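Everything below concerns the one structure shown next.
There are 2 protein chains.
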Amino acid sequence: RMTAFESHDYDPIDCDIEEEQLRSRKRAEYQNEEWWKWTLSAIIGVVMGFVAFVVDGLVDKLNSFRFGMAMRLVVGDGENQDASKFYAYISSLFVTCCLAAVAGGLVSYVEPLAAGSGIPELKTYLNGVHLKGLLRLKTLLAKLGGVAFSIGAGLIAGKEGPFVHGGGLVGGGLCSFGSHSLGFKTRRPNHFRNDRDKRDFVAIGTATGVAVAFGAPIGGMLFTVEEGTSFYNSSMLWRGFLATCVGVLTSHWLEQLDFDATDFARAKFGTHRDFGLYTDDEANYSKQYWWYFWEVPIFAMIGCLGGYIGALFVNLNVRVTAWRAKYIPVNDKFRRFLEVIAVAALTFTVMFVFMAASPCLEIPAPLRDGHTNLANELDRFEYGEASKEEIRTDFFSKMYCPEGYYSSYGQLFFVPLSQSFKFLLHLGEVGENGQAHEFLFRFDLLVFYFLAMFSLMTVTYGVGAPTGLFVPSLAVGSAMGQICGRIVNSVSGWILTDVQIDLHAYAVIGAAASLGGATRMTISITVLVMETTGSMQLIIPLMLTIFCAKAVGDRFSHGIYDTHIKIRGAPFLEEPELAGPAGDKLRVNEVMAKTMITIKPRMRVRDLIGILASNDHGAFPVTENPPTKPGEPFELHGTITRNRLLKMITHRIGFFDGNPESRPADVYGYTTAKDRDDLLDKLKQIPFKSPHVAEVAASLSSVEMDSAWIDVSRLMQRHPFITHADARVSRAYRIFRTMGLRHLYVTPDKPLVVGVMTRKDVIQEN
Amino acid sequence: RMTAFESHDYDPIDCDIEEEQLRSRKRAEYQNEEWWKWTLSAIIGVVMGFVAFVVDGLVDKLNSFRFGMAMRLVVGDGENQDASKFYAYISSLFVTCCLAAVAGGLVSYVEPLAAGSGIPELKTYLNGVHLKGLLRLKTLLAKLGGVAFSIGAGLIAGKEGPFVHGGGLVGGGLCSFGSHSLGFKTRRPNHFRNDRDKRDFVAIGTATGVAVAFGAPIGGMLFTVEEGTSFYNSSMLWRGFLATCVGVLTSHWLEQLDFDATDFARAKFGTHRDFGLYTDDEANYSKQYWWYFWEVPIFAMIGCLGGYIGALFVNLNVRVTAWRAKYIPVNDKFRRFLEVIAVAALTFTVMFVFMAASPCLEIPAPLRDGHTNLANELDRFEYGEASKEEIRTDFFSKMYCPEGYYSSYGQLFFVPLSQSFKFLLHLGEVGENGQAHEFLFRFDLLVFYFLAMFSLMTVTYGVGAPTGLFVPSLAVGSAMGQICGRIVNSVSGWILTDVQIDLHAYAVIGAAASLGGATRMTISITVLVMETTGSMQLIIPLMLTIFCAKAVGDRFSHGIYDTHIKIRGAPFLEEPELAGPAGDKLRVNEVMAKTMITIKPRMRVRDLIGILASNDHGAFPVTENPPTKPGEPFELHGTITRNRLLKMITHRIGFFDGNPESRPADVYGYTTAKDRDDLLDKLKQIPFKSPHVAEVAASLSSVEMDSAWIDVSRLMQRHPFITHADARVSRAYRIFRTMGLRHLYVTPDKPLVVGVMTRKDVIQEN
Ligand SMILES: Nc1ncnc2c1ncn2[C@@H]1O[C@H](COP(=O)(O)OP(=O)(O)OP(=O)(O)O)[C@@H](O)[C@H]1O
Ligand SMILES: Nc1ncnc2c1ncn2[C@@H]1O[C@H](COP(=O)(O)OP(=O)(O)OP(=O)(O)O)[C@@H](O)[C@H]1O
Ligand SMILES: [Mg+2]
Ligand SMILES: [Mg+2]
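These protein sequence lines map, in sequence, to chains X and A.
With positions in the first sequence counted from 1, the corresponding number in the working numbering is that position plus 48.
With positions in the second sequence counted from 1, the corresponding number in the working numbering is that position plus 48.
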């Protein structure tokens, strides 16, 4: 299974020509490269800001279209309820299925890699494993278009996973683009030529994706540091910081232009919770969360609960995935397409049934018509400038209830997912002076919501449509938190009668616990939840909760993303510390390949093609005297990758007539620095696609086939990493992981050496 | 100069005995080690929480003692002002000098390494360079005791740098401690035996130090990720997360016990800004910061200004340091001691003069006696439940002013530094409904404060007392921010008459800009400032500002910490990306040592001691056939460090009679696993101190000297890192930096190899 993946080599190639170029490089060129890196990062930010704005707008439009229609059908007709119910159900279902069909179609018929959240794929990519087609423009469009329709169709899905993927695409795309398309083709961004540079841009892109999806610039950056990049470096951190900041600023700015263009100069930021996913004009910043010291163990317990539930989710989802692999395989496009529609229909049916069967509650007193002292009673519960009428339609919709009542279940079930999450976090928030009991959700509603959403989320994740996991997981968790809070409230009511606990703090804590239990991230989701909900006061409880969720969850399963990476069989390299004991027990020479296929520095093109066609190794050692039997030591002049060899043949680089007298300079035949750079440009690693050997061979004329020779000496990697045959595998593992290698060569137990250097030697020269 | 430093080797030693142990290790032992790591991290948190509580308490006591006395002398006597002024000045000066003498004495006469902020030293340590005595208990006491007295004596200093150092000490100490003292000496934490483990614990300790100093758990963790650890790994991130969380929770808890023990169950957290350095009961969370979109470029400009000022600070401080190195050298204890007292006296004099020469302003109307409609006019400016009288004494002290007036300059100059920073951030905060003009600071006060504090900070940093830089830099910056805000306000007043800008937002932005300009950190100080001031609404402007500060500052100088690392001449390895072009132009064989001093696997002890005494290399290659001339290749059997050789001789490990027949098993003479572990325990890398060769030689009997042989074969590092002689130095640099090496061996250009492996080969075995 692992053969579907190709590794990247993050060790920059040190071939003679490359070195010649580097030695002749001027300081200005280094600065220029640096400058381009920063500029591209800022551009990634701007682009992602735009993308987020567009996708958000589309989601809004689709949501208001679908729910607007359904609402009109539901509320519009008071008489003949049963018939109208059926009609409303069928028509809305139809719309739902149409939207789901678009989302599913984009995945099944346009780009299968657009399915799911994309985080496992991106994580694998950043770990150094290539998945074909992951970073194509088509994938970007299918993913981001698809996620708008997934959410619009009411699937239990969020947009953040797809945004991570989208960000990675934009980052990688801009990097390759900067490197080879458009007017840029002057001299400059010749720089970004290898996998390593691209990796950094992809990482920056993912950070920006999270940042704009959540409006959480720091959380976005941390997401990438914690979950994304296996290869962390601080210059990337800084550029990512710029990108996330620019991205969020751009999307803020576009939103303001959209809604507030007339009063641009006077629009204050910061007075409302206008950062984050949930723009809460209806609740002010003030004192909405509080906690007591004795709640700390309770929060920890909620964390553990979140860990259990997360592990349960992962394990159930593994079963669902196994079932799916059997009955709805990825290559059966039509079944996969139908499944999306079926799941959307199921989701909508559940929602509708709950809504239709809902008990009716009286509208809270302060919101009723004719109730005058609104200002006094609600105190801080202001709802901006909305009138009571508007509040009632937006938050206490009547649906199938009589006049003056609202549909209790419908309040959470018959709204977009992100809206119901927001309600769970904020509805009924009245500051510290006591809860408004009339605003509380019914306990049974919370339980039903929790169960329904948990089941639907488990089924939905892995369906053939772009679906993120963050928002569903947060919503499920906040319901869980509210349930726990209610229980604590009644228990604490007996003991400490005058203590008022904060249900909304429990909702936030629960949300964090659930997300932590499912994903097993720590510091980044603490920040994400904090930035998203504005609950900076809760930072300590949040950290503790998430920590417990991770600790407990890790006992039962891997995180959902790692699990899916495992299921796909990707050769993912964990942090060496977490790699487990097996590496300590084995030696390198027990796992290495001993029967080496080598090539010579100069050989007939025909022979080379024969070697390339006879196997599918990714790289070949170059030596004058190949070993005669397995395991025999031979002199390693260098190594060269299949990809580079194929490109050399395609472009006829290094071809000569086989005359042993001809010097390399003649063979490569460039004279100016410009020619040299052009030559390197043809061989650059990105875009990462290599022609197939058969095609290449076919492109050769018969004359070339017969008489041409090729000289690889000046283009091979001269200094591949080497280790000892008798070293433990864990050492090799550490080298692979830390340096981001693709191949590691093995010397005999006692290699020859000629010298030694220390860190002071390297520094003194700088 | 670099010889004062010794490098660490973060590459775990792979000797035969170590490998034997690892191979026989059971899964339970791995888990056990894991468990100990987590436990120790939590303990670090608890300890640092206690430490923070104690130091904070001491600072408070000293501050209130000194200012209380001064205030009594100043305010107490209305008549005969001039004489009383002089008396007040002299007596307070005396107290100040006494306190400064304690701080200076602790550094000069107890532990010179306790001077300064400690961040450069810790940063160097975490980069892999050892500084003798940095992590001793004595240093901890001198540092944390000293910083309380520095701050108590009114030096322009903060506690956070010293807390970073303190945290590192606690982390490193607990790790070694867990590894060799106390009852722990059972079998378990035999684990933490090498530099690498200790490094991780030190890193976790520094994170916890920042976290408890600021009450900012995430900022603390990020500080270490961004500034501290050159070697990031995610398992350390998670453990650090636990430690910071536990640390802040512990200190919260202790504070609550201290102040609120009677009402423990009912004390709400989160309703006031009770996280962070500045507990602001007097301002509520609500809406105190806001910004407009058109301010974004202004904030960016403030960032640039911060960058300039930071660079100016660094450059001036470099001159001061150079001057100091000449006239007050570190080893002249007495001068250094006197300097601290002189600087403290100077600081106090400046403060006192400003206070005494201050213009008097009328107490703001709402605070005057007899002014009744307090509630209406001040609106949100509530000051908790304090009475007007208390507010006046605490915030509008009369000092040398007539009754009914307050000392305008004294308000900022004659209070502890952290208090004046808090005033700059919050005093006069009245929500969004307009500024209370009576509460504004005079413009000239802001300018004077800025200039005075900037100069004093420049002089103070580097003095022979523990002094942190964060709070001074933040205070200077917030004055700068307020100045900018005032200017913007008057300009914008002409154009947009009805727009009210937020001066306090400018103060926060300015503080961040100044800190960013001085330290050049980015993401971590964004989070630190945000957590400390509770200004989550400002996150985007903060990021942008700090980014500009870094970008501009980097054009003129390094950050202050890096500058001091440079001044000390530490062999600090930057991120490879930032290492500069020199490494591209040179080859390894141009910088390596070619004349190798080697040892044989078995040799006479006398010869070995001769070799050890003849040079001070840190490690020796082991070979049977030493090279006869420089640069000649020889077979590398392994390498062994001087430290380990000395320990072997000290403990007579590997000694035998020179009989070539004797097998290694006899030589080492252990039979049980227990014996083996004891043997390894004697050789462990931490605590990091090695006996001197002369001492060791002296300890040998003459019989041993004459006839004993030593066999190092089973204790040498079998698999040191190797690279190619013709590789670029930048490659060697990358290997050094990424793997944390001390020595790198060099093979000929074309080494022999026997095989190859790929990442799939390592994974399949796991
Ligand atoms: N030139 C070679 N000669 C002999 N064996 C090789 C050679 N190159 C690689 N191998 C071995 O053959 C197997 C497959 O090699 P290949 O280069 O395809 O790498 P891989 O494991 O498939 O990873 P990837 O394709 O992602 O680089 C590996 O076990 C590797 O050790
Ligand atoms: N065994 C050796 N034989 C010959 N030269 C050596 C040997 N070991 C190190 N050197 C060289 O001698 C110089 C000093 O070596 P030493 O081992 O003291 O390291 P250092 O540079 O002082 O760093 P540190 O002491 O921090 O490890 C270096 O340039 C190094 O390359
Ligand atoms: Mg392969
Ligand atoms: Mg040395």
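Beta carbons are placed, not taken as given, at the ideal position from N, Cα and C, and that holds for glycine.
Bear in mind that the values here come from a model prediction, so they are computed numbers and not experimental data.
Roughly how many whole angstroms lie between the Cα atoms of residue i and residue j?
i	j	result
Y356(X)	E77(A)	26 Å
K207(X)	G354(X)	22 Å
V575(A)	G216(A)	21 Å
V107(X)	A196(X)	5 Å
I439(X)	L305(X)	25 Å
P675(A)	K798(X)	15 Å
K109(X)	K180(X)	33 Å
V741(X)	D664(X)	10 Å
L185(A)	G221(A)	8 Å
G717(X)	L693(X)	18 Å
I199(A)	S455(A)	23 Å
V463(A)	M591(X)	35 Å
F703(A)	M787(A)	33 Å
R114(X)	A404(X)	17 Å
T272(X)	I266(A)	16 Å
K614(X)	S156(A)	58 Å
Under DSSP, the beta strand (DSSP E) around residue i begins and ends at which residues?
i	result
C408(A)	408–410
P669(X)	667–670
H56(A)	Neither: H56(A) is in no beta strand (DSSP E) and is coded neither H nor E.
M349(X)	That residue, M349(X), is in no beta strand (DSSP E); its alpha helix (DSSP H) goes 344–375.
I770(X)	770–772
Identify which residue in the options has its Cα closest to the Cα of residue i.
i	options	result
P514(A)	A118(A), G194(A), N111(A)	G194(A)
T506(X)	K446(X), L727(X), R372(X)	R372(X)
V73(A)	M119(X), A630(X), W342(X)	Looking at the sequence shown, residue 73(A) is not Val but Arg. For the residues M119(X), A630(X), W342(X), the minimum Cα distance to R73(A) belongs to A630(X).
N365(X)	L161(X), Y609(X), C449(X)	Y609(X)
Y554(X)	R534(X), L544(X), V539(X), G541(X)	R534(X)
N242(A)	D64(A), W757(A), K732(A), M447(A)	K732(A)
L551(A)	G268(A), R384(A), I573(A), F347(A)	F347(A)
What residue range is occupied by the uninterrupted alpha helix (DSSP H) comprising residue i?
i	result
D723(A)	721–730
I199(A)	185–200
R603(A)	587–604
Could you round the C-beta distance between residue i and residue j to whole angstroms and report it? I think they count as a contact, below 8 Å.
i	j	result
S89(X)	A291(X)	4 Å
G358(X)	A566(X)	4 Å
A667(X)	I688(X)	7 Å
Y340(A)	V547(A)	7 Å
T570(A)	F279(X)	Wrong, their Cβ atoms sit about 19 Å apart, outside the cutoff.
M640(X)	V804(A)	6 Å
*Using a Cβ-Cβ cut-off of less than 7 Å, give me the residues of the segment 774–792 of chain A that come near chain X, in sequence order.*
D774, A775, R776, V777, R779, A780, Y781, F784, T786, M787, R790, H791, L792
*In chain order, what residues of the segment 638–654 of chain X put their CB closer than 7 Å to some CB of chain A?*
V639, M640, A641, K642, M644
*asked:* Which residues of the segment 281–305 of chain A have a Cβ closer than 9 Å to any Cβ of chain X? Give them in chain order.
replied: N281, S282, S283, M284, L285, W286, G288, F289, L290, T292, C293, V294, V296, L297, H300, W301, Q304
*Can you list, in chain order, the residues of the segment 150–164 of chain A whose Cβ is nearer than 8 Å to any Cβ on chain X?*
none
*Proximal residues, the segment 69–86 of chain X versus chain A, C-beta separation under 8 Å*: L70, R71, R73, R75, Y78
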